[in-house]
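Enquirer: This is the structure, below, for whatever I ask next.
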Amino acid sequence: MTILANVLSLTVIFAVPLLLVALGGMFSERSGVINIALEGMMIIGALAASFTLQAFDKSGFGAGAPQLAMFVAILVAGLVGMLFSLLLGFAAINLKADQTIGGTALNQFAPAFAVVLTWAIQGEGLTTIQLPGWLRITRDTLGLPEAKNPQGFFNILFFKYFYLTTVVAVVLFIASYVVLYKTKFGLRLRACGEHPQAADSVGINVYKMRYAGVLISGFLGGIGGIAYTVAAGSGFTSNVGGYGFLALAVMIFGNWKPFTILGASFFFALFKVVAAYNSSLSFLPKFEGLREVSNLYQMLPYVVTMLVLIFTSKHSQAPKAEGIPYDKGSR
Amino acid sequence: MKDKKTSFWSSPAVAGVLASLISIVVGLLLGFLLLLILNAGAAVSGMGTMLTAGVRNLDQLAKVLYQAAPLMLCGLSVGFAFKTGLFNIGASGQYTMGMFFALLCGIHFQMPWYVCLLASMLGGAIWGVFPGLFKALFNVNEVITAIMFNWIGVYFVNLMCANTPDMLAGSWGGSSNDRTAALSAANPGALLPKAGLDKLFAGSTWINIGIFISILFAVLVWVILQKTTFGYELKACGFNRDASQYAGINAKRSIVLSMVIAGALSGLGGGISYLAGTVQYVMLKNILAMGFNGIPVALLANSNPIGTIFSALFISYIQTGGSAMQPTFSAETINIVISVIIYLSAFSLLMRGVISRLLAHRNEKTKGGAAK
């Protein structure tokens, strides 16, 4: 039972970045801009938030009000991610550039920039930004008494890996759903990804809407970045373990819809956790005689994605106008 | 005479080269700006190192050529796919598979180097089939398939290497089993021949015939694209799939074949780079960066195979310079420069348009002046 609780709570903590980032990708693509720069946006957001947390730790503010400090760091991650996403928006919307290539540039830029800046600030060769130890939400934070049984199922499930990012993700997930489906803004955004010419003809500013989509993806991507770093637990090392690309798969797997994206992110996170802990999970097949079996499990989510794509691509609900720069003149 | 000059300046190729040069200059300037911000005192010497390290001595120059070979092949791979309207972001996975097939043949089966190179092409081609087939049969975006197969490739190769114990360094007198065996110990016959080049380069270990193989393939790709019906069909398919289909070209076949060839090129890159015997594959859970660097190589060359020769040499040159900048600055500074270059290439079409308009404008002006 302890193992199950561990696996479940780890799944939640790793599903959080996937969910946030895939939702970000969803906003961008439903407005019509392909965003393969999610990985880069995560890295930039995580970089900014990690330095913020480090500064709070040094000033003593963090230890005094840990969750407030964490909230500010999350906000910083989102805003810096947003700022970074402007680069994609500018290339894709104003200059009508190839969106995939623009995104590739951002993906190349982000980790390099993170390493260079970390070197410059921390000194030569110090490439890890250590996260402070006060980030976790404990029973104490919530004013609860000490657990009677610290190794109990529910205590592990709820408190072993409980961070503010999880709470933020729940709020942002609900907000994303409401914004996309229950507001005028969401309807207009979706129209720009399906048929921008029609949207324009009824007076919607396609460029503005697409910028909004890209900026939201930068915001969510940045927050996803710090959520991943917190989940990974060993500090920020100028990468997010390919979660940005995984989130892209989650988004497609989730058919560009919030609830299916939620399901897909849990599915992927579960696979990732199982892959990482396969040796301690007794119910998994062991493949006697095979070495480094973890590789097999790590491969699985990608293989399954491909299989699912084969069966769903016929009914794919990809935004019809994604990837095509909108040109007013071609209406 | 004057007419000739005018037509030279207004040709699209010139505009393309100028656009690439502008991208490079802007990239380098931003890189310099970054160095200034980070450490103003060392910025000038750092930039100097970046720009001159590649020709500082014969060993460094040999390293530039050594790195340029796989870069060129990955660039050719990405560029070839571009010509067919496909974005091959999977060069990294194909490169990894090429490396694995080459080392499998070289170490496990004790084959000579040319067999290993053929095997590396096969390995890359197999990994190129998937994005092509998925696109042709199921209409799955090749970018997604390629990204997935980059990761599948890493884990697959790690799994296979770990389960082929005689491929690992431990079986050949090495100390650690987290990497493949050194070729010099396992099978010297699988090493790429040096053909006397090492004497020319003052005994440098970097140099071998890899760079010539790459250049040969660049020319070969140019011939395929420019001089054959097959190449014409691929390009037609890239320009307008529906129109080419209407003209009787099998677009699905073109997509798959294009990806297979692109994959074989990247795979050969993996083979060349690891059969040099200078590096061993370390089983990390990371995607190898080489394939991704093929993207700027192809973009800078505007996907022209002959241009790729020069852009690969350039990227390799500044990468060598970047390593030489350590430890004052991180070598990653180069990746920032490269990312700026990619970013600018993303709207190179726009830039090329502006340049040719400017050139045309200038020509008109000079003509007008002459008339007066």
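Protein chains in written order, with my numbering: chain W, 1329 to 1659; chain B, 659 to 1030.
Glycine included, every Cβ here is placed at the ideal spot set by N, Cα and C.
(1) According to DSSP, is residue 1498 of chain W helix, strand or coil?
(2) Rounded to the nearest angstrom, what separates residue 869 of chain B and residue 845 of chain B at their Cα positions?
(3) Measuring straight from C-alpha to C-alpha, what distance separates residue 1384 of chain W and residue 1391 of chain W?
(4) Using the Cβ count rule (16 or more neighbours within 10 Å means buried), how would you classify residue 1623 of chain W?
(5) Under the rule that 16 or more other beta-carbon atoms within 10 Å means buried, what is residue 660 of chain B, buried or exposed?
(6) Check distances from the C-beta atoms of the region 1573–1590 of chain W to those of chain B and list, in chain order, the residues that come in under 9 Å.
(7) Residue range of the alpha helix (DSSP H) that residue 864 of chain B falls in?
(8) One question on the structure: do residue 1549 of chain W and residue 1437 of chain W come within less than 8 Å of each other, judged by their Cβ atoms?
(9) Run down chain W in chain order and give the residues with a C-beta less than 9 Å from the C-beta of residue 920 of chain B.
(10) Which residues of chain A have a Cβ atom closer than 8 Å to the Cβ of residue 1453 of chain W, listed in chain order?
(11) Going along the chain, which residues of its own chain have a beta-carbon closer than 6 Å to the beta-carbon of residue 1493 of chain W, five neighbours each way excluded?
(12) Among W:1473, W:1331 and W:1463, which has the Cα closest to the Cα of residue 1377 of chain W?
(13) Classify residue 928 of chain B as buried or exposed, calling it buried when 16 or more other Cβ atoms lie within 10 Å of its own Cβ.
(14) Roughly how many whole angstroms lie between the Cα atoms of residue 1631 of chain W and residue 1573 of chain W?
(15) My guess is that residue 977 of chain B and residue 718 of chain B are in contact by the Cβ rule of under 8 Å, so how many angstroms apart are they, rounded?
(16) What residues match up with residue 1457 of chain W in a beta bridge as DSSP calls it?
(17) Select from the region 1427–1440 of chain W all residues with a C-beta closer than 7 Å to any C-beta belonging to chain B, and list them in chain order.
(18) On the DSSP bridge assignment, give the partners of residue 838 of chain B in chain order.
(19) Could you give the distance in angstroms between the alpha-carbon of residue 1379 of chain W and the alpha-carbon of residue 1457 of chain W?
(20) Residue 1419 of chain W lies in the alpha helix (DSSP H); which residues open and close that run?
(21) Under a CB-based cut-off of 8 Å, is residue 809 of chain B close to chain W?
(22) Rounded to the nearest angstrom, what separates residue 1615 of chain W and residue 1338 of chain W at their Cα positions?
(23) According to DSSP, which residues form a beta bridge with residue 940 of chain B?
(24) Going along the region 1619–1648 of chain W in order, which residues come within less than 7 Å of chain B, judged by CB to CB distance?
(25) Using a Cβ-Cβ distance under 8 Å, would residue 1444 of chain W count as near chain B?
(26) Given that a residue counts as buried once 16 or more other Cβ atoms are within 10 Å of its Cβ, and exposed if not, what is residue 1529 of chain W?
(27) Kindly list, in the order they appear in chain B, the residues whose Cβ is closer than 7 Å to that of residue 1715 of chain W.
(28) Using the three-state DSSP reduction, which class does residue 725 of chain B fall into: helix, strand or coil?
(29) Measure the Cβ-Cβ separation of residue 758 of chain B and residue 781 of chain B and say whether it is below 8 Å.
(30) Quick one: using the 10 Å Cβ neighbour count with 16 as the cut-off for buried, is residue 674 of chain B buried or exposed?
(31) Using a Cβ-Cβ cut-off of 8 Å, state whether residue 659 of chain B counts as contacting chain W.
(32) Please list the partners that residue 993 of chain B has in chain W, where partner means a Cβ-to-Cβ separation under 7 Å.
(33) Are residue 1370 of chain W and residue 1349 of chain W closer than 8 Å when you measure CB to CB?
(34) Looking at residue 1373 of chain W: is its Cβ nearer than 8 Å to the Cβ of residue 1524 of chain W?
(35) Can you give me the C-alpha to C-alpha distance between residue 714 of chain B and residue 948 of chain B, rounded to a whole angstrom?
(36) For the region 696–713 of chain B, which residues have a beta carbon sitting closer than 8 Å to at least one beta carbon of chain W?
Expert: Checking against the coordinates, here is how it stands:
(1) In the first sequence, residue 1498 of chain W corresponds to position 170, counting from 1. Note: residue 1498 of chain W maps to helix in three-state DSSP.
(2) The count along the second sequence starts at 1 and reaches residue 869 of chain B at position 211. The count along the second sequence starts at 1 and reaches residue 845 of chain B at position 187. If I take the Cα positions, the gap works out to 22 Å.
(3) Taking the first sequence and counting its residues from 1, the one referred to as residue 1384 of chain W is at position 56. Taking the first sequence and counting its residues from 1, the one referred to as residue 1391 of chain W is at position 63. Cα-Cα distance, rounded: 8 Å.
(4) As a working note, residue 1623 of chain W is residue 295 in the first sequence. Answer is buried; the Cβ neighbour count reaches 16.
(5) Position 2 of the second sequence holds residue 660 of chain B. Any answer about residue 660 of chain B is weak, because its pLDDT of 47 lies below 50 and its placement is not dependable; what the coordinates show is given next. Its Cβ having fewer than 16 others within 10 Å, residue 660 of chain B is exposed.
(6) 1573, 1574, 1576, 1577 and 1580
(7) Numbered from 1 along the second sequence, position 206 holds the residue referred to as residue 864 of chain B. According to the DSSP assignment, residue 864 of chain B belongs to no alpha helix (DSSP H), since it is labelled neither H nor E.
(8) Mapped onto the first sequence, residue 1549 of chain W falls at position 221. Mapped onto the first sequence, residue 1437 of chain W falls at position 109. Contact flag unset, no.
(9) In the second sequence, residue 920 of chain B corresponds to position 262, counting from 1. The premise fails here: residue 920 of chain B is roughly 16 Å from chain W at the closest Cβ pair, so nothing lies under 9 Å.
(10) No chain A is part of this structure, whose protein chains are labelled W and B.
(11) For the purposes of this step, residue 1493 of chain W is taken as the residue at position 165 of the first sequence. Around residue 1493 of chain W: 1344, 1555 and 1558.
(12) The residue labelled residue 1377 of chain W in the question sits at position 49 within the first sequence. Residue W:1463 is the option with its Cα nearest to residue 1377 of chain W.
(13) Taking the first residue of the second sequence as 1, we reach residue 928 of chain B at position 270. With 16 or more Cβ atoms within 10 Å of its Cβ, residue 928 of chain B is classed as buried.
(14) Taking the first residue of the first sequence as position 1, residue 1631 of chain W is located at position 303. Taking the first residue of the first sequence as position 1, residue 1573 of chain W is located at position 245. In a straight line, the C-alpha of residue 1631 of chain W is about 14 Å away from that of residue 1573 of chain W.
(15) As a first step, residue 977 of chain B is located in the second sequence; it is residue number 319 there, counting from the start. As a first step, residue 718 of chain B is located in the second sequence; it is residue number 60 there, counting from the start. At roughly 11 Å, the Cβ-Cβ gap does not stay under 8 Å, so residue 977 of chain B and residue 718 of chain B are not in contact.
(16) Position 129 of the first sequence holds residue 1457 of chain W. Bridge partners of residue 1457 of chain W: W:1564.
(17) The residues in question are 1428, 1429, 1430, 1432, 1433, 1436, 1437 and 1440.
(18) As a first step, residue 838 of chain B is located in the second sequence; it is residue number 180 there, counting from the start. Beta-bridge pairing links residue 838 of chain B to B:826.
(19) Locating residue 1379 of chain W in the first sequence gives position 51, counting from the first residue. Locating residue 1457 of chain W in the first sequence gives position 129, counting from the first residue. Each residue's alpha carbon lies about 7 Å from the other.
(20) Position 91 of the first sequence, counted from the start, is the residue given in the question as residue 1419 of chain W. Note, residue 1419 of chain W: premise wrong, no alpha helix (DSSP H); not H, not E.
(21) Taking the second sequence and counting its residues from 1, one reaches residue 809 of chain B at position 151. So yes, residue 809 of chain B belongs to the interface.
(22) Your numbering for residue 1615 of chain W matches position 287 in the first sequence. Your numbering for residue 1338 of chain W matches position 10 in the first sequence. Rounded to whole angstroms, residue 1615 of chain W to residue 1338 of chain W spans 24 Å at the Cα level.
(23) Taking the second sequence and counting its residues from 1, one reaches residue 940 of chain B at position 282. DSSP, once it has assigned bridges, lists B:837 as partnering residue 940 of chain B.
(24) 1619, 1620, 1623, 1624, 1626, 1627, 1630, 1631, 1633, 1634, 1637, 1638 and 1641
(25) The residue given as residue 1444 of chain W occupies position 116 in the first sequence. Yes, contact with chain B.
(26) Taking the first sequence and counting its residues from 1, the one referred to as residue 1529 of chain W is at position 201. Looking at its Cβ environment, which holds fewer than 16 other Cβ atoms inside 10 Å, residue 1529 of chain W is exposed.
(27) The requested residue 1715 of chain W does not occur in the structure, where chain W is confined to residues 1329 to 1659.
(28) Translated into positions along the second sequence, residue 725 of chain B becomes position 67. Looking at residue 725 of chain B - three-state DSSP - the assignment turns out to be helix.
(29) By 1-based counting over the second sequence, the position of residue 758 of chain B is 100. By 1-based counting over the second sequence, the position of residue 781 of chain B is 123. It is a contact, given that the beta carbons lie within the stated cut-off.
(30) Here residue 674 of chain B refers to the residue found at position 16 when the second sequence is read from its first residue. Flag for residue 674 of chain B reads buried.
(31) Sequence index remark: in the second sequence, residue 659 of chain B carries index 1 (1-based). Note that residue 659 of chain B has pLDDT 45, beneath the 50 cutoff, so the model's placement of it is unreliable and the number below is only indicative. Output row for residue 659 of chain B: interface = no.
(32) As a working mapping, residue 993 of chain B is identified with position 335 in the second sequence. By Cβ distance, chain W contributes 1436 and 1440.
(33) Start at 1 with the first residue of the first sequence, and residue 1370 of chain W comes out as number 42. Start at 1 with the first residue of the first sequence, and residue 1349 of chain W comes out as number 21. Going by C-beta atoms, residue 1370 of chain W is nearer than 8 Å to residue 1349 of chain W.
(34) Residue mapping note: residue 1373 of chain W aligns to position 45 of the first sequence, counting from 1. Residue mapping note: residue 1524 of chain W aligns to position 196 of the first sequence, counting from 1. Contact flag unset, no.
(35) As a first step, residue 714 of chain B must be located in the second sequence, where it is residue number 56. As a first step, residue 948 of chain B must be located in the second sequence, where it is residue number 290. Put simply, the backbone Cα of residue 714 of chain B is about 24 Å away from that of residue 948 of chain B.
(36) 696 and 697
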